[in-house]
Each structure stands twice: as C-alpha cells, then as structure tokens.
Amino acid sequence: MRSLLRSLQQFSKTSTEHVELFSKLALKDLGVYVKDTDVVRYTQDNTYPLDDKAFWLKNALLQCRYNSATSRFVPHAWMSSPADPLGCSTLFQDEQVTLCWFVIPPGRVLPLHDHPGMTVWQRVMHGRLHICTFVSDASPLEIKTAEATQATVVFDGDVDGVGEAIPPPQLITFGEGDGSVFHEIRNTEAVRPALFIDIISPPYYQPPTNIPCAYYRAEPVSQNVQRLEGQPSDCGVHWTFKPGDKALLHPRPEYGGPSMHAYVNVDGS
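Quick look at the structure:
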C-alpha cells in the first residue's frame, strides 16, 4: 500500500506504475479502520478509547461466529445486513487523483451515477457485485443540461471479488476516450458484503474541476427487456439489459446518494 500511495503522489494518467501496484493489492493490505465519527470524538477528547474501536478490514469482512446448534462456524461478517448503510474510505486524495474503497452490504446498491471526463481503475476485492455500465457519446456539458441522455449498455453482469493480486489486464478500466461513463453497482447476495476499490482521476468535488457526482434513472428504449423485481428503492436500473441495448438516462436532481458511513485508516500503511 505504501508504494501505491507514493506512486499516486507523483500521479500521471500515462504512467503504468500505479496500475501495476494497484493490481498487486491484497485485501490484507487495506489495513485497520475506525469510523470518522470516532476520530472526531478522539480529537475532542484524547481520553476517548479510539483503539477499542479499530478493526482490521479483512477480518471484519471474513469473520464468522460459532453456531452451537449445528456445531459449525457460520458467516457473521461486518456490513452483512441489508439494514446496514454503505461504507467508504478515502485513502489518498489530491487535485489530480483519489484512491477510495466502498463496502456494499447484501441487498444494497450504489445507484446509477456518472464519471464525467474521468479515468477510473476499479477492482472488486471481496464478495460479488452486479455491475451495469452505460456509455454515451454526449459531452459532460450536454449531459448536464439535457432532460435525458441516450446511452448504450456495454456491460451488465456479475463480477467476483479477488482478495489477492491480479494481472493488470483484469482491472476494470475506463477513461476519457471511452465517452461519458455511467454505472450502477449492486450487491445481489443474501448475506455477504462486497468491497470494491477505485482510483479516480480527477476526483469528485475537488478544485480546480469540482466535478459533482450525479445520479440517474435508466429507461430502456426497446420494449424487449425484462423488468427486475424486488430492487432496492434507490436503485436507478430496474431492467435486465445486455450489451448493445439502448437506454435513456434521466437525471435525479432530488437524489443525493445512498446513506453511507465513512471510515479512516489508522494503521499508517
């Protein structure tokens, strides 16, 4: 992790160093965390037992408990209930690039959102996520002012997490040359949380670009698509798509994103 953070301090989109280091990350490398609210309490009162609140991210995602009735250990992971909020942590950020992870509990979703003018490298590192990705030829300015944007589905399927190093070509990657990218990320599993990690350039809400994150609702152009039942209420994709399908993406200006708890890395790795 230290090598990746040093590489991001000298970030260049054309460099391959951060891509190589990102692909070598293992789940254990993500380290130890506390809630940001606990950090605030500690800064206000340094007798607050911050160490007692800390947890290894990998252990939290993999933990089990003993079931005496069956004499077996069963999964009892952190963030394993649909009632849990999403979790996130920013590990590095400056005006050029950010490194951040997200945990999505089972049955929850990071709704359809945009990456205008951004380059993104992404890895699913735990669990299984269903990702639906759209691309539009419209410019960020055209999208911002349009009542709806036509886009094409380029991926709609499951991605399994890998908690060890992977070959760089297995990273999910998209950039400015791919057009305007939108995607929705859902955890469709019953009990297992899922984690993915992103390198994003430039970051959201960071000078000088100050790019906002906007959310959308997808409407199929064709009638030959199947409606998904039982989706989370804040979901933006309610249809089963296949690559090549067309959709109209309607902005959701009244929606500010899902509930989310922020975490702070405290192990210095």
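The end of the sequence shown is residue 272 by this note's numbering, with every number in the run present. Positions of the beta carbon are idealized from the N, C-alpha and C atoms, including for glycine.
Under a 10 Å Cβ-count criterion, Ser6 is classified as exposed, with fewer than 16 other Cβ atoms of the shown protein chains found around its own Cβ. Between the stretch 172-183 and the stretch 128-141, the count of Cβ pairs shorter than 8 Å is three or higher; the stretches touch. Around the beta carbon of His21, 16 or more other beta carbons sit within 10 angstroms, so the residue counts as buried. Per the C-alpha coordinates, the member of Gln47, Leu198, Ala57, Arg189 positioned closest to Ser236 is Arg189. Closest in alpha carbon position to Leu198, among Cys216, Pro171, Glu187, Gly130, is Gly130.
Between the alpha carbons of Thr243 and Val156 lies a gap of roughly 11 Å. Annotated as proximal: Ala151 and His253, with beta-carbon spacing under 8 Å. Residue state for Glu167 is assigned as coil, using DSSP reduced to three classes. Out of Thr93, Arg111, Phe105, Leu115, the CA that lies nearest to the CA of Pro256 is found in Leu115. Between Gln226 and the set Pro206, Leu251, Tyr218, Lys27, the nearest pair of CA atoms involves Leu251. Short of 6 Å from the beta carbon of Arg44, and not among the five residues preceding or following it, lie these beta carbons of its own chain, in chain order: Tyr51. Contact between the stretch 105-115 and the stretch 76-91 is present: three or more C-beta pairs spanning the two stretches fall below 8 Å. Beta-carbon to beta-carbon, Val42 and Ser204 are separated by about 26 Å, too far to satisfy the 8 Å threshold.
Contact check for Val194 against Ser83 passes: the beta carbons are separated by less than 8 Å.
In chain order, Ala250, Leu251, His253 place their CB closer than 7 Å to the CB of Glu222, counting only its own chain and leaving out the 5 sequence neighbours on each side. One alpha carbon belongs to Asn70, the other to Cys216, and they sit about 43 Å apart. According to DSSP, His21 shares a beta bridge with no other residue. Taking the Cβ atoms as the reference, Ile169 lies roughly 5 Å from Ser26, within the contact range of under 8 Å. By the neighbour-count criterion, in which a residue is buried when 16 or more other Cβ atoms sit within 10 angstroms of its Cβ, His79 is exposed.
Between Lys56 and Val37, the CB-CB gap stays under 8 Å. Taking a contact as a CB-CB distance under 8 Å, the pair Glu167 and Ala63 does not count as one, their CB atoms being some 18 Å apart.
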